[in-house]
Structure formats: structure tokens, C-alpha cells
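Taking it in order: structure first as C-alpha cells, then the write-up.
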Ligand SMILES: [Zn+2]
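Residue numbers (this note's numbering): 3 to 168.
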């Protein structure tokens, strides 16, 4: 139940990404029921390929703790993390990772790659849980891409998105 509540919070952060025209993914880092850091996807806005929601949340949590290591934390993210974010989670020594929607194309927590729980890592993430509020998380992404496709095909057909000036 706690997991679902934090995932709902991450979903709200994902909405912020959408408002900025970014793929809607949100993340929050929690320890003992307290938020250490939160983030949402904004690589376009920040001209930063590493500005995924998880990276933003980890950066904020590190600043909060004044420590690049974040033991005892759980990271919640609405979409299965990519390999870059999995790498950062391992460096940060995140204890537990909970994600919403699965990402069969680039997910690195078991879908496309299984890096999060690879036994060769020095630090091991103690637990990984996927599929928390999966439907809500996936629906948000699907709605975003649907809207984008509609806008793109409208533009192709020369349909005006806004009424012409009088
Ligand atoms: Zn990522």
C-alpha cells in the first residue's frame, strides 16, 4: 500500500514532465517514509541526455543527504529504468527499486536487460519490484504518445492546431 502511495506521488511528478513536453516519467527517493529527492524527465528542457527522472531524483537526494551514497533508500519510478539510471542507482547504493510500467525496449531491470540484479555488481540492490500501479503508469505514457502522434499527423495534413488570427 505504501508502495502504491509513493508511486502515485511519482505519477504526479510525471505529469510535470508532460507539461514541459517531455515523456512523462516521474521518480522519488524515499527513506523511512521521508522524501529525500524527487525528479521528472526533462532531457529536452535541460539539454541533458542524463536528465531522466531517476537521475534528477538521485541528484536531489544526494544534495539533501550531502552524500552521493544513499543507503537505506527506496527509489520509485513510473517506468522501468534504463541502463544509465540503473548504473546511477548502483553507484548510489539504493537499497530497493520499485517501478510501474515495464519497458520492453530499453528497460534494464529485467525487460531488455537484466542489469539491476546482475550478481557481478559490487553493490547489490536488495529488492526490485516491477508493475506497481502498472496500468496507471503505462496509461499516462500511452496518452502522451497518442497526443503526440495526433499532433504530428495533424501538422502533416496542414491542419491548424490553433484558429487562424483574424
Ligand atoms: Zn534512465
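Built from N, CA and C at the ideal position, the CB exists for glycine as well. All values derive from a computational prediction rather than experimental measurement.
Exercise. Are residue 85 and residue 29 close, meaning C-beta to C-beta below 8 angstroms?
Worked result: no
Exercise. Can you name the start and end residues of the alpha helix (DSSP H) that residue 147 belongs to?
Worked result: 136 to 158
Problem set entry | Strand pairing of residue 81, partner residues [DSSP] | 103
Problem set entry | Rounded straight-line distance, which links the Cα of residue 155 to that of residue 130 | 39 angstroms
Exercise. What did DSSP end up calling residue 58 once you bin it into helix, strand or coil?
Worked result: helix
Problem set entry | heavy atom of ligand 1 below 7 angstroms from residue 86 C-beta | yes
Exercise. Going straight from the alpha carbon of residue 67 to that of residue 98, what length do you get?
Worked result: 17 angstroms
Problem set entry | Residue of 149, 90 and 112 minimising C-alpha distance to residue 52 | 90
For this session: Quick one: grab the DSSP three-state call for residue 44.
Result: coil
Exercise. Residue 93: beta carbon under 7 angstroms from a heavy atom of ligand 1?
Worked result: no
For this session: Decide yes or no for the touch test of the region 134 to 143 against the region 11 to 26: beta carbon pairs closer than 8 angstroms, at least 3 of them.
Result: yes
Exercise. In terms of alpha-carbon separation, which member of 102, 143 and 114 lies closest to residue 7?
Worked result: 102
Exercise. Do you know offhand how far residue 108's Cα is from residue 42's?
Worked result: 18 angstroms
For this session: Just mark residue 39 as buried or exposed, buried being the case when its beta carbon has 16 or more other beta carbons within 10 Å.
Result: buried
Exercise. Got a sec: does ligand 1 put a non-hydrogen atom nearer than 7 angstroms to the Cβ of residue 40?
Worked result: no
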